[in-house]
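Participant:
Number of protein chains: 2
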Amino acid sequence: MTPFDRLCSRFRRIAILEEAVGMLYWDTAAMMPPGAADGRSEQLATLRELAHAMLVAPETADELAAAEALAPDEDPRRAMQLALMRRRWRRAVALPSALVAELSRARSRCETAWRSARTENDYAIVAPTLAALLDLVREEAAALGSALALAPYDALLDGYEPGLRAADCNRIFERLEEFLPALLDRVMALQDEQPAPLSLAGPFPVERQAAFARELMANIGFDFDHGRLDTSAHPFCGGSPDDVRITTRYDEGDFLKAIMGVLHETGHALYERGLPADLRRQPAGEARGMAVHESQSLVLEMQACRSREFTGWMAPRAEAAFGGTGDAWSGGNLHRLVTRVDRGLIRVDANEIAYPLHVILRFRLEQALLAGDLPVADLPGAWSDGMASMLGVRPADDRAGCLQDIHWYDGGFGYFPTYTLGAMMAAQLFAAAEAAEPDLRRHLGAGDFRPLVGWLRRHVHGHGALLSWDEILRRATGKPLDVAVFRRHLERRYLDEHRPRTA
Amino acid sequence: MTPFDRLCSRFRRIAILEEAVGMLYWDTAAMMPPGAADGRSEQLATLRELAHAMLVAPETADELAAAEALAPDEDPRRAMQLALMRRRWRRAVALPSALVAELSRARSRCETAWRSARTENDYAIVAPTLAALLDLVREEAAALGSALALAPYDALLDGYEPGLRAADCNRIFERLEEFLPALLDRVMALQDEQPAPLSLAGPFPVERQAAFARELMANIGFDFDHGRLDTSAHPFCGGSPDDVRITTRYDEGDFLKAIMGVLHETGHALYERGLPADLRRQPAGEARGMAVHESQSLVLEMQACRSREFTGWMAPRAEAAFGGTGDAWSGGNLHRLVTRVDRGLIRVDANEIAYPLHVILRFRLEQALLAGDLPVADLPGAWSDGMASMLGVRPADDRAGCLQDIHWYDGGFGYFPTYTLGAMMAAQLFAAAEAAEPDLRRHLGAGDFRPLVGWLRRHVHGHGALLSWDEILRRATGKPLDVAVFRRHLERRYLDEHRPRTA
Chain A
0 MTPFDRLCSR FRRIAILEEA VGMLYWDTAA MMPPGAADGR SEQLATLREL
50 AHAMLVAPET ADELAAAEAL APDEDPRRAM QLALMRRRWR RAVALPSALV
100 AELSRARSRC ETAWRSARTE NDYAIVAPTL AALLDLVREE AAALGSALAL
150 APYDALLDGY EPGLRAADCN RIFERLEEFL PALLDRVMAL QDEQPAPLSL
200 AGPFPVERQA AFARELMANI GFDFDHGRLD TSAHPFCGGS PDDVRITTRY
250 DEGDFLKAIM GVLHETGHAL YERGLPADLR RQPAGEARGM AVHESQSLVL
300 EMQACRSREF TGWMAPRAEA AFGGTGDAWS GGNLHRLVTR VDRGLIRVDA
350 NEIAYPLHVI LRFRLEQALL AGDLPVADLP GAWSDGMASM LGVRPADDRA
400 GCLQDIHWYD GGFGYFPTYT LGAMMAAQLF AAAEAAEPDL RRHLGAGDFR
450 PLVGWLRRHV HGHGALLSWD EILRRATGKP LDVAVFRRHL ERRYLDEHRP
500 RTA
Chain B
0 MTPFDRLCSR FRRIAILEEA VGMLYWDTAA MMPPGAADGR SEQLATLREL
50 AHAMLVAPET ADELAAAEAL APDEDPRRAM QLALMRRRWR RAVALPSALV
100 AELSRARSRC ETAWRSARTE NDYAIVAPTL AALLDLVREE AAALGSALAL
150 APYDALLDGY EPGLRAADCN RIFERLEEFL PALLDRVMAL QDEQPAPLSL
200 AGPFPVERQA AFARELMANI GFDFDHGRLD TSAHPFCGGS PDDVRITTRY
250 DEGDFLKAIM GVLHETGHAL YERGLPADLR RQPAGEARGM AVHESQSLVL
300 EMQACRSREF TGWMAPRAEA AFGGTGDAWS GGNLHRLVTR VDRGLIRVDA
350 NEIAYPLHVI LRFRLEQALL AGDLPVADLP GAWSDGMASM LGVRPADDRA
400 GCLQDIHWYD GGFGYFPTYT LGAMMAAQLF AAAEAAEPDL RRHLGAGDFR
450 PLVGWLRRHV HGHGALLSWD EILRRATGKP LDVAVFRRHL ERRYLDEHRP
500 RTA
C-alpha cells in the first residue's frame, strides 16, 4: 500500500464512523424513545471521539506528508483529494482537545438554557451562558484562523462552506439590500390589489399527506431503495449517500407546509445520492458545503416546485390525494398560495424575498457579537432595530426575535450566510439549466424532473467536493454569483407572474 | 484511576460500541431500505473490529493483571466483575485474527448458499460450504477449548450460556426423552376426544394487531419511554437496556401468532430493562446467557400468557380490539387455541411438549457433525430418522427438515440447547414465584403482572451476569434444574386443564 492508499483506507474508516453517527442521529430525531436520550448522547460522543482520534493520530500526519511528497503533479484529481484530507486534518488538529471538550459542554449548557429562555420568553435566562459560550467560540475562531491563515470569522464560515469569505458575503448582501426591501413593498402592494388566494379546507390526515409526499418524491426521482421518509420535530436530510433519510413534520390544517418541506429535503437527498460513487467515503466524495447543499434543496423546492408549471401539474394530484373540490384546488390558486409574501418575523417561515433580509441581519449581528462590538446584553435591542430597518416590523417579544433560532445557542456562528448564498446559487443554476434545456419548464409542467435532475447531476452533484462552490457555479453557469439573476427570478415570479393577466 | 477503574472505562467504551452495533442491527431489520445493505455490512464490521481491537489491545491484558493483583478478597462483587472481564478477554484473544476473518467469510458464504438451498429445496447446494464452515468451527472450538480448558463442544456452549456443559444437557435431555414422546401421544389422544377449538374469523388488520400488542405490552409493564415495537421478518429483541427494541411480524389471518410473539419478546425486554443499573455497560451488568434470556421470554409467554387465567383476561379485550363476536372469543376457546398440540415438523412453530424433542435432535446431530462422526452428506437422513423416532413424523423434504433453521449455516453450534434449558427454567421460576406469591395466578387473571415481574426483577433480572444460570436458579427456587417441575407444568396444562370438566 502506498501512503495515499493508507490515507484512503483511514479516511474510509473515519467516514464509516461518521455514517454510524449519522444513522444514530436520524434515529434520535425520528425513532428513539425519550428515555434513551442520555445513553444516546454517550453513544454519539464516543463514536465522534473515535473518529476524531483516528484523524489526529500521529500516523495521519506522517501519511499525509509522505503522500504529498510523492504526489505527481500530473494528477490534479489526486492532488485535490490530498488537499481535502489535509484540510480535514488541519481543522481537526487546530483545536486543543481541552477546548473541544469545553466547547461541547458549553454548547450543551447554552442550548439547554435557550430552551428554557424560549419557553419562558426571557432572554435573561440564556444571556450569561451565551456570553460564556461566545468566549469559547472566539477562542475556537482564533485557533482555527491562526492554523488556516484566515480571519477568525472567516475561519468559522470556511467550516460551513469552504472558500466562502465574509468579504464575499458583504459585497453580495449590500447589493441585495439595495433592492429587496423595496421589492417586498411592491409585491405586498400588488397582493393587496388582488383578492386573497382561496384557502384549502382541511383537515388533511397525516397518512394522506405522507402518502402524497411519497408519490411526489418517487415522481421526482427519490430512490426508496436507498432512502426513507419519516417524521421528526425538525425536518432534515441525514443518513448516507446509500441510505438517505429525510424527515418532515405534519400540520393537519395545512398540507402544503409538509409537502414543501419534503420537496426541500428531497433536493438535499438527490444531491447526496448523486455524489461521485468512485469517491464514496472519501473527503473528495462528500457534498461540497452548506451553501451548495442549500442550493440543491432550493433549486428543487423554490425554483422547480413553487413554479407555476409544477404547481399546475401537482394541483389535480393534490385534489385527488385529499379528496378536494372547487376552485381552491386549481393550479393557479395553489401557485398563489405557495408564493404568498408577508413581513413575518420568523426566518423559517419567511418567503423568498424576505428570507435574505433575515439572514443579513444575523450575519451582521453575529460578526458584531464575535468581535465584541455588540455586548450580549444588547442583542435583543439590536435585533429589534435591525428588523425594523430591514423588514419594517418589530418583534413583540424575544421569542419572535433573537430567541427564535437555535444556531448561536448551539455555538453555530458563520452558518446563516450559507442559506442566502444557496438561494442565489439555486436561482442561477436553474436559469443555466433552463438555458441548456429550453423545455425544462414544460417538462416540470408534465411532472418530469429528469432534464433538471440530470443537469444537476452533471453540473453539481457529480463533482463532490472536488470543486469549490465558486468553481461549481462558474463552470455550470459561465459566471460567478450574480445578484442580477436572483433579482430577475424574484421580479419575474412575484411581480410579472402575479400581475392580472390581460387577454 | 486504579487499574480496575481503567478497565471499567475501557469496557464501558466497548459496550457503547456494541450498543451502536445493536441499534444498527435493529435498523437493518426494521427500517433500512434494501439498497443500503452493503454499506451497512461495512458499518457493522468496522464497529465490531473497533470493539474487538479495544478488547485485545495489550493495555487490556496489563490492566487485567494489575487489577487482579490488587483485587481485595473481601469484595466478591468486584472479584466477579473482574472474572467476567477476564472471561471476555480470554475468549477474544483465544482466536487468531486470521481464523476470525476466515470464519466470518465462511459464515457469509454458507448462509448465502443456505438461502438458495432452502429456496430450491436442495441440500446439495449448501453441503460443500457447510463442510468447509464446519472445519473452521472445529478449529474455533479447539482454540477456545484449549484457552478455556474445556472440551471443544463445551467451549462453544459456554459462549452462549456461560457454565453450561454438554454433560448437563445430556443428563437432562435423557430424562425429558423418557416422558415427552408418551406425553405427546396422550395429549393428542385427549385432543382427539374433544371437539376442535373454534377458529377466529379474520382478517385482522395489521394496525389493530399492533395497537392491541402495544396495549398488552403497556399493561405488562413494557416502558415505551425506553423502548419500541416495530416490524421485521424475524422477530427479535435488540437495542440496549435503556432503549429496548422489540419486533414482530403480522399474519392478517391469525392475530395470535403476532401477539404471542410480542409477549415472548416482551419477556426478553423486561429482562434487559431490569438489569442492574449500577453495572450498566459493564460485563457484570449484562444479561447472563441465552438460556436465562430464553427463560425470561418463556416465563412471560408460555407460563404467564398462555395460562388459563391470562387468556381469560385477554379474551374480552381481544374481542373489543378486533370487533369479534361469539363463542370463539371466549377465554376458554382462546386458551385451547394457544395450547393446541401437534406433531409439526418445524421447530419455531412447535408446541411446548414437542419443542424439546426438536432441540434434543439438533443437540445430538450438531455434536456428531462437530466430532466428525456424522458426515455432512448424511445429515438429511439422520435428521429424518431422528424426527421419526422422536416425534413419529418424517419431513417430506429437506426444507421441512435439516434446512429449516439458519443456526448451523451461520456457524452457530451449541446454541440450540439453551432454548430447552430456558423453557425448563421458566417453568421452575414460575412455580417458585407462585409459591412465594400465592395470588400470582389470580393477579394474572386480572391482567396484573406486578407480582410476577417484581419477583423476576428481584430473583433474576437484578443479578445481571453476577451469578451463573445454575446459581440464579438455585437461589430463586431452592434447587437445581428439576425435570419433574417442567413435567408437572406440562401435565397440568395439557392433561388436567384439558380434561372435560365435570360439575
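First to last, the sequence lines map onto chains A and B. Going by numbering that gives the first Met the number 0, the first sequence opens with residue 0, and the numbers climb by one from there. Going by numbering that gives the first Met the number 0, the second sequence opens with residue 0, and the numbers climb by one from there. Glycine included, each C-beta is placed from N, C-alpha and C at the ideal position. All values reported here derive from a predicted model rather than from experimental measurement.
Would A/Ala-166 be called buried (16 or more neighbouring beta carbons within 10 Å of its own) or exposed?
Facilitator: Within the first sequence, numbered from 1, the residue matching residue 166 of chain A stands at position 167. The residue in question, A/Ala-166, is exposed, as its Cβ has fewer than 16 Cβ neighbours within 10 Å.
Participant: Hey, quick one: how far does the alpha helix (DSSP H) through A/Leu-43 stretch, first residue to last?
Facilitator: Within the first sequence, the letter at position 44 stands for residue 43 of chain A. Taken as a continuous stretch (DSSP letters only), the alpha helix (DSSP H) holding A/Leu-43 covers 36-55.
Participant: In three-state DSSP terms, what is B/Ala-352?
Facilitator: Taking the second sequence and counting its residues from 1, one reaches residue 352 of chain B at position 353. Note that residue 352 of chain B is Ile in the sequence shown, not Ala. Coil, per DSSP.
Participant: Tell me, please, whether the CB atom of A/Gly-220 is closer than 7 Å to any CB atom in chain B?
Facilitator: Working through the first sequence from its first residue, we reach residue 220 of chain A at position 221. By this cut-off, A/Gly-220 is not an interface position.
Participant: To the nearest whole angstrom, what separates the beta carbons of B/Pro-394 and B/Met-386, a pair I think is in contact under 8 Å?
Facilitator: The residue labelled residue 394 of chain B in the question sits at position 395 within the second sequence. The residue labelled residue 386 of chain B in the question sits at position 387 within the second sequence. That pair is a contact at about 6 Å.
Participant: DSSP puts A/Val-243 in a beta bridge; with which residues?
Facilitator: Working through the first sequence from its first residue, we reach residue 243 of chain A at position 244. Paired residues: A/Gly-226, A/Gly-238.
Participant: What's the gap between the Cα of A/Val-55 and the Cα of A/Ala-91?
Facilitator: The sequence position of residue 55 of chain A within the first sequence is 56, counting from 1. The sequence position of residue 91 of chain A within the first sequence is 92, counting from 1. Going by the C-alpha atoms only, they are around 7 Å apart.
Participant: For A/Ala-502 and A/Leu-182, I'd like the C-alpha separation in whole angstroms.
Facilitator: Locating residue 502 of chain A in the first sequence gives position 503, counting from the first residue. Locating residue 182 of chain A in the first sequence gives position 183, counting from the first residue. Reliability of the predicted coordinates at A/Ala-502 is poor, the pLDDT of 42 falling under 50, and the value obtained from them is presented with this limitation in mind. For A/Ala-502 and A/Leu-182, the distance between alpha carbons rounds to 26 Å.
Participant: Consult DSSP for A/Lys-256 and reduce its assignment to one of helix, strand or coil.
Facilitator: By 1-based counting over the first sequence, the position of residue 256 of chain A is 257. Note: A/Lys-256 maps to helix in three-state DSSP.
Participant: Assuming A/Ala-257 and A/Phe-221 are in contact, meaning their beta carbons sit under 8 Å apart, how far apart are those beta carbons, in whole angstroms?
Facilitator: On the first sequence, residue 257 of chain A is found 258 positions in, with the first residue counted as 1. On the first sequence, residue 221 of chain A is found 222 positions in, with the first residue counted as 1. The pair is not a contact, with the Cβ atoms about 15 Å apart (cut-off 8 Å).
Participant: Should A/Leu-63 and A/Ala-142 be called a contact, given that it needs their Cβ atoms to be closer than 7 Å?
Facilitator: Here the question's residue 63 of chain A lines up with position 64 in the first sequence. Here the question's residue 142 of chain A lines up with position 143 in the first sequence. No, these two residues do not count as a Cβ contact at 7 Å.
Participant: Would you mind sorting B/Ser-296 into buried or exposed? The rule is 16 or more other CB atoms within 10 Å of its CB.
Facilitator: Taking the first residue of the second sequence as 1, we reach residue 296 of chain B at position 297. Flag for B/Ser-296 reads buried.
Participant: B/Asp-396 to B/Gly-343, Cα distance in whole Å?
Facilitator: As a first step, residue 396 of chain B must be located in the second sequence, where it is residue number 397. As a first step, residue 343 of chain B must be located in the second sequence, where it is residue number 344. The alpha-carbon atoms of B/Asp-396 and B/Gly-343 are separated by roughly 14 Å.
Participant: Ordered along the chain, which non-local residues of its own chain (more than five positions away) have a Cβ less than 6 Å from that of B/Val-291?
Facilitator: For this step, residue 291 of chain B is matched to residue 292 along the second sequence. Around B/Val-291: Trp-468.
Participant: When the Cβ atoms of the region 17-32 of chain B are set against those of the region 454-463 of chain A, are three or more pairs found closer than 8 Å?
Facilitator: Touching, no, given that fewer than three Cβ pairs across the two stretches are closer than 8 Å.
Participant: Residues in its own chain within less than 7 Å of B/Ala-131 by CB, not counting five upstream and five downstream?
Facilitator: Taking the second sequence and counting its residues from 1, one reaches residue 131 of chain B at position 132. So the list reads Ala-105, once near-sequence residues are dropped.
Participant: Indicate the three-state DSSP secondary structure (helix, strand or coil) for A/Ala-502 in the structure shown.
Facilitator: Stepping through the first sequence from its first residue, residue 502 of chain A is reached at position 503. The pLDDT assigned to A/Ala-502 is 42, lower than 50, so where the model puts this residue is not dependable, and the model offers no usable value.
Participant: Under 7 Å between beta-carbons, which chain B residues line up against A/Gly-226? List them in chain order, please.
Facilitator: For the purposes of this step, residue 226 of chain A is taken as residue 227 along the first sequence, with counting starting at 1. Neighbours of A/Gly-226 on chain B, chain order: Pro-32.
Participant: Give the straight-line distance between the Cα atoms of B/Leu-369 and B/Phe-362, rounded to the nearest whole angstrom.
Facilitator: Here residue 369 of chain B corresponds to residue number 370 of the second sequence, with the count starting at 1. Here residue 362 of chain B corresponds to residue number 363 of the second sequence, with the count starting at 1. Distance between the alpha carbons of B/Leu-369 and B/Phe-362: 11 Å.
Participant: Using the beta-carbon count (16 or more within 10 Å), is A/Asp-372 buried or exposed?
Facilitator: Position 373 of the first sequence, counted from the first residue, corresponds to residue 372 of chain A. When all chains shown are included, A/Asp-372 counts as exposed.
Participant: I need the DSSP call for A/Ala-195, collapsed to helix, strand or coil.
Facilitator: Within the first sequence, numbered from 1, the residue matching residue 195 of chain A stands at position 196. It is coil, neither helix nor strand.
Participant: Below 8 Å on the Cβ atoms is my guess for B/Ala-483 versus B/Val-459; work out the distance and round it to an integer in Å.
Facilitator: Mapped onto the second sequence, residue 483 of chain B falls at position 484. Mapped onto the second sequence, residue 459 of chain B falls at position 460. Their Cβ separation, rounded to whole angstroms, is 21 Å, which puts B/Ala-483 and B/Val-459 out of contact at 8 Å.
Participant: Using the C-alpha atoms, what's the distance from B/Arg-449 back to A/Met-216?
Facilitator: Residue mapping note: residue 216 of chain A aligns to position 217 of the first sequence, counting from 1. Residue mapping note: residue 449 of chain B aligns to position 450 of the second sequence, counting from 1. Computed Cα separation, rounded: 47 Å.
Participant: Using a Cβ-Cβ distance cut-off of 7 Å, determine whether A/Thr-230 contacts chain B.
Facilitator: As a position in the first sequence, residue 230 of chain A is number 231, starting the count at 1. Not an interface residue.
Participant: Hey, does B/Glu-18 have any beta-carbon neighbour from chain A nearer than 7 Å?
Facilitator: Start at 1 with the first residue of the second sequence, and residue 18 of chain B comes out as number 19. B/Glu-18 counts as touching chain A.
Participant: Have a look at A/Trp-407, A/Lys-478, A/Gln-427 and flag the residue whose alpha-carbon is nearest the alpha-carbon of A/Val-136.
Facilitator: The count along the first sequence starts at 1 and reaches residue 136 of chain A at position 137. Comparing Cα positions, the closest option is A/Trp-407.
Participant: Starting from the Cα of B/Glu-48, find the closest Cα among B/Ser-96, B/Trp-312, B/Asp-404 and give me that residue.
Facilitator: As a working note, residue 48 of chain B is residue 49 in the second sequence. Here the closest residue by C-alpha is B/Ser-96.
Participant: Which chain B residues sit within Cβ distance under 9 Å of A/Ala-146?
Facilitator: Position 147 of the first sequence, counted from the first residue, corresponds to residue 146 of chain A. Within 9 Å Cβ-Cβ: nothing; A/Ala-146 doesn't reach chain B, min ~28 Å.
Participant: So what does DSSP say about A/Pro-374, is it helix, strand or coil?
Facilitator: Reading the first sequence from its first residue, position 375 is the one you call residue 374 of chain A. Coil.
Participant: Check whether the region 301-321 of chain A and the region 168-185 of chain A touch, using three or more Cβ-Cβ pairs below 8 Å as the test.
Facilitator: Short answer: they don't touch.
Participant: For chain B, check one thing: does any of its Cβ atoms lie closer than 7 Å to the Cβ of A/Ile-13?
Facilitator: Mapped onto the first sequence, residue 13 of chain A falls at position 14. For A/Ile-13, the answer is no, since every Cβ of chain B falls outside 7 Å of its Cβ.
Participant: Taking C-alpha atoms, which residue in A/Ile-345, A/Glu-318, A/Ser-294, A/Gly-322 lies nearest to A/Asn-332?
Facilitator: If you number the first sequence from 1, residue 332 of chain A lands on position 333. It is A/Glu-318.
Participant: May I have the straight-line CA-CA distance separating A/Ile-471 from A/Gly-288, to the nearest angstrom?
Facilitator: Start at 1 with the first residue of the first sequence, and residue 471 of chain A comes out as number 472. Start at 1 with the first residue of the first sequence, and residue 288 of chain A comes out as number 289. C-alpha separation (whole angstroms): 11 Å.
Participant: Please classify A/Leu-489 as buried or exposed, where buried requires at least 16 other C-beta atoms within 10 Å of its C-beta.
Facilitator: Position 490 of the first sequence holds residue 489 of chain A. A/Leu-489 is buried by the Cβ-count criterion.
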